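In our numbering, the protein residues as written are 194 to 649.
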Amino acid sequence: MTIIEPFRIKSVEPIRMTTAEERVGLLERAKLNPFLLHADDVLLDFLTDSGTGAMSAKQWGAIMEGDESYAGSRSFYRLERTVRELTGYQHLIPTHQGRAAERILFSVACKAGDIVPNNTHFDTTRANLEHQGVQPVDLVIPEGLIPHVEHPFKGDIDLARVEALLARDAARVPFGMITVTNNSGGGQPVSLANIRAYSALLKRYGKPLIIDACRFAENAMFIKLREPGEGERTVRSIAQEIFSLADGCTMSAKKDGLVNIGGFLALNDDRWVEQAKNLLILTEGFPTYGGLAGRDLEAMAVGLEEVLEEAYLRYRLRTAEYMGDKLLRAGVPHVRPTGGHAVYLDARALLPHLKSEDYPAWSLACALYQEAGIRGVEIGSVMFGKRADDGTESYHPMELLRLAFPRRVYTQSHFDFASEAILAVAARASSIRGVRIVKQSRWLRHFTAEFAWAPR
Ligand code: F0G
């Protein structure tokens, strides 16, 4: 049977088709950087699944219940109960989004010269660590770096390499992290067995585990569907076990919190919490709102409950799989199996005529926008490569174009249309030109860099 969208639509927003000719000009004006396009000039916006979802009637109802008291807001205590019930962590520190939670945690728990292992640090996590002189190391299993390889848990961390790191350099490791799902590597899940073993390994060295929990519900659903022995459990109990194996989490609620803004840091360690609250007051706000409105805390509390509904998660994971099936039949290379929140096209395989210095995934993003007004995001050497002070460039092992799906926003025909557009781009792949960076910033350069077409 077809897995349907388990909701009906009560409020709609028009989207606008542009012509191919218009899009050439619009992209030039945006300096060939999709982040610099006006969203009104985008037909299907797959730039990110972050903060772009549709809230439910229940969430909008909760918005009206928000308590806007500066201190001691009822909405904070409601969210605190929800987070405590889900994660088991004693302390909740609300933040305006995930990266604020990261910055605060890293400021109190790390020092320059430290090393933090993870399956793969996503862009803001990596940048926030580097900004404090900490070295983020990505230790995903080897399968996680080969797009076409099928594996049920390509987000697993390579325990042997973690152990080698700890044996060599334990004094420099303040804690270990694990990102569920592994966003940079294709939205791939981490198995419960892997989290259990990682947690035990860190414990042997006296190191806490911190979960980057943005997509915890999608990861828990993958465990239910794929991991031997876990199929009869509720997703909630799997999610609770994931959190119980760690000592805290950073959360961007813009993903599996089903809200447009919000996040939090949740922790057990009293010493970290005290310092974190002081930092929070300095830059985000009082500890019972942390830079958010009371209504945002209410919407987040409801979202964290709704996201664990299994009919929703089944539909959610099926969306990417549905598009992936179409691409697989047509022979368009992409990360296999499909992840939770996105389909990742493999630009290195699709555009073999382009070299790393042509930024193939970025070029593909431009081509897909020109083709059909669809916006994706490069997860490749613009995002994760670097230009050193001496001008030498480093490149990322994978060149992916991520098409990330806002939650509860697009319908099956949108995905049919997007698949047709990708096939059309793939059919003219050999004519796609590379790009060059003409202007860039030192941190998170992909957001603002400017590009020109590479010479033919
Ligand atoms: N960690 C992961 C794994 C993420 O995917 C993100 C955001 C963050 C942390 C930071 O959260 O944006 O609320 O500050 N990822 C978005 C994306 C932006 O498009 O994947 P934030």
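No residue lacks a Cβ here, since even glycine has one placed at the ideal position from N, Cα and C.
Given the structure is predicted, the values throughout are model-derived calculations rather than measurements.
- Counting along the chain, residue 422 sits inside no alpha helix (DSSP H), nor does DSSP assign it H or E at all.
- For residue 340, the closest of 310, 420, 329, 517 by C-alpha to C-alpha distance is 517.
- With respect to the 8 Å criterion, residue 322 and residue 457 are not classified as neighbours on the basis of their beta carbons.
- In the DSSP assignment, residue 460 falls outside any alpha helix (DSSP H) and within the unbroken beta strand (DSSP E) covering 456–460.
- Sequence-distant Cβ neighbours of residue 449 in its own chain, meaning closer than 6 Å and more than five residues away, are 408, 409, 410, 500.
- Taking a 10 Å sphere around the C-beta of residue 257, we find fewer than 16 other C-beta atoms and assign the residue as exposed.
- Contact between the region 488–499 and the region 269–277 is present: 3 or more CB-CB pairs across the two stretches fall below 8 Å.
- With the rule of 3 Cβ pairs closer than 8 Å, the region 459–468 does not count as touching the region 411–428.
- For residue 372, the enclosing beta strand (DSSP E) stretches over residues 369–372.
- Counting the other CB atoms within 10 Å of its CB gives residue 475 a total below 16, which places it among the exposed residues.
- Close CB contacts of residue 406 within its chain, under the 6 Å cut and outside five residues either way in sequence, are with 442, 444 (chain order).
- Nearest C-alpha to residue 358 among 387, 338, 395, 390: 395.
- Excluding its 5 nearest sequence neighbours in each direction, residue 337 has C-beta neighbours in its own chain below 6 Å: 347, 378, listed in chain order.
- Contact between residue 572 and residue 595 holds, since their C-beta atoms are separated by about 5 Å, short of 8 Å.
- Check the Cα spacing between residue 621 and each of 600, 477, 545: the tightest is with 545.
- Residue pairing by DSSP places residue 537 opposite 595 in a beta bridge.
- Of 599, 253, 361, the smallest CA-CA separation from residue 203 is found for 253.
- Within the DSSP secondary-structure output, residue 442 pairs in a beta bridge with 404, 459.
- A distance criterion of 7 Å places the beta-carbon of residue 386 beyond contact range of the ligand F0G, judged by its closest non-hydrogen atom.
- Under DSSP, residue 571 shares a beta bridge with 594.
- Where residue 284 is concerned, the enclosing beta strand (DSSP E) starts and stops at 284–288.
- Positions of the beta strand (DSSP E) runs, each at least 3 residues long and wholly inside the region 265–313, are given as 284–288, 308–311 in order along the chain.
- DSSP, reduced to helix, strand and coil, places residue 329 within a strand of the structure shown.
- For residue 636, no beta strand (DSSP E) run applies, since DSSP gives it neither H nor E.
- Each of 371, 304, 344 was checked against the Cα of residue 365, and the nearest Cα belongs to 304.
- Look at the beta carbons and you see the region 501–513 touching the region 425–434: at least three pairs across the two are nearer than 8 Å.
- Counting C-beta pairs with one atom in each stretch, the region 306–319 and the region 287–296 have three or more that are closer than 8 Å, which means they touch.
- Between the region 562–582 and the region 600–614, the count of Cβ pairs shorter than 8 Å is three or higher; the stretches touch.
- In summary, residue 640 is exposed, with fewer than 16 beta-carbon neighbours lying within 10 Å of its beta-carbon over all protein chains present.
- A distance criterion of 7 Å places the beta-carbon of residue 642 beyond contact range of the ligand F0G, judged by its closest non-hydrogen atom.
- Judged by their CB atoms, residue 280 and residue 494 are not nearer to each other than the 8 Å cut-off.
- In the DSSP assignment, residue 563 is bridged to no other residue.
- In its chain, beyond the 5 residues on either side, 346, 348, 374, 412, 415 have a beta carbon closer than 6 Å to the beta carbon of residue 382.
- Taking non-hydrogen atoms of the ligand F0G into account, the C-beta of residue 372 is found less than 7 Å away from one of them.
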